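Peer 1:
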Amino acid sequence: MQKIEIIELDPNNEAQKLAFKQINYEWIEKYFKVEKGDLASLEDPEKYFLITGGAVLLARRGEEYLGTSALKPMGNDSYELCKMGVSEAARGLGIGGLIGEAAIQKARELGAKRVYLETNSSLTPALTLYAKLGFVRIENFTSPYERADVAMELYL
Numbered sequence: 001m002q003k004i005e006i007i008e009l010d011p012n013n014e015a016q017k018l019a020f021k022q023i024n025y026e027w028i029e030k031y032f033k034v035e036k037g038d039l040a041s042l043e044d045p046e047k048y049f050l051i052t053g054g055a056v057l058l059a060r061r062g063e064e065y066l067g068t069s070a071l072k073p074m075g076n077d078s079y080e081l082c083k084m085g086v087s088e089a090a091r092g093l094g095i096g097g098l099i100g101e102a103a104i105q106k107a108r109e110l111g112a113k114r115v116y117l118e119t120n121s122s123l124t125p126a127l128t129l130y131a132k133l134g135f136v137r138i139e140n141f142t143s144p145y146e147r148a149d150v151a152m153e154l155y156l
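Mapping of the sequence shown onto full-length UniProt numbering: position 130 corresponds to residue 130, and the numbering continues sequentially without gaps.
1) Give me the DSSP bridge partner(s) of K72.
2) Can you check whether the CB of I7 is closer than 8 Å to the CB of R60?
3) In terms of DSSP beta bridges, what is G67 paired with?
4) Counting C-beta neighbours from all protein chains within 10 Å, is the total for V56 16 or more, i.e. buried, or is it exposed?
5) Do I23 and L98 come within 8 Å of each other at the CB atom, strictly closer than that value?
6) What did DSSP end up calling R114 once you bin it into helix, strand or coil?
7) Could you check whether F135 and L123 sit closer than 8 Å to each other, using their CB atoms as the reference points?
8) Report the partner residues of A151 according to the DSSP bridge assignment.
9) Ordered along the chain, which non-local residues of its own chain (more than five positions away) have a Cβ less than 7 Å from that of D149?
10) How big is the Cα-Cα spacing for K47 and A40?
11) Note down the Cα distance separating D38 from K72, rounded to an integer number of angstroms.
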């Protein structure tokens, strides 16, 4: 079996952009509904994440893309970890942990002192993973996403 590697999105690589979009649509449509903010980021990750100083990471095995995560600058040395998902077929292989750790490392490289994320209380595996990565829940937050009922942060 080939090794799973984490790479940064090449904005000129259509296969990578398509994988980012498909993997995220897969989990969003399965559990929730696609919202306005999803459309903007998934249709143009370069504009939404890269040009603003963030990053998009992909987990792949050979030429097969298995997972994604993105970092979006929030100001004040904070980045939002978002669009983190693993394809249905690749769940249970530890990819979430790999891509989560890689995103935290990338946030450090970008100068982050804090990583913030929003999720949903029904996504138990995600909540467990985020806790293992060191994230803690925070109260009193507002989100542009209807589905977000949990916010977490990690100080680096």
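For every residue, glycine included, the Cβ atom is placed at its ideal position computed from N, Cα and C. For clarity, every value in this text was computed on a predicted model and none was experimentally measured.
Peer 2: Let me spell this out:
1) Sequence index remark: in the sequence shown, residue 72 carries index 72 (1-based). K72 is bridged by DSSP to E80.
2) In the sequence shown, the residue the question calls residue 60 occupies position 60. In the sequence shown, the residue the question calls residue 7 occupies position 7. Result yes, Cβ atoms of R60 and I7 sit closer than 8 Å.
3) Along the sequence shown, one-based indexing puts residue 67 at 67. Paired residues: A59, V86.
4) One-based indexing of the sequence shown puts residue 56 at position 56. The residue is buried, with at least 16 neighbouring Cβ atoms inside 10 Å.
5) Here residue 98 refers to the residue found at position 98 of the sequence shown. Here residue 23 refers to the residue found at position 23 of the sequence shown. Contact: no.
6) Here residue 114 refers to the residue found at position 114 when the sequence shown is read from its first residue. In this structure, R114 counts as strand in the three-state DSSP scheme.
7) Counted from its first residue, the sequence shown places residue 123 at position 123. Counted from its first residue, the sequence shown places residue 135 at position 135. L123 is not a Cβ neighbour of F135, given a cutoff of 8 Å.
8) Sequence index remark: in the sequence shown, residue 151 carries index 151 (1-based). Bridge partners of A151: E118, I138.
9) Position 149 of the sequence shown holds residue 149. So the list reads N120, S121, once near-sequence residues are dropped.
10) Sequence index remark: in the sequence shown, residue 47 carries index 47 (1-based). Sequence index remark: in the sequence shown, residue 40 carries index 40 (1-based). Distance between the alpha carbons of K47 and A40 is about 9 Å.
11) Position 38 of the sequence shown, counted from the start, is the residue given in the question as residue 38. Position 72 of the sequence shown, counted from the start, is the residue given in the question as residue 72. About 13 Å.
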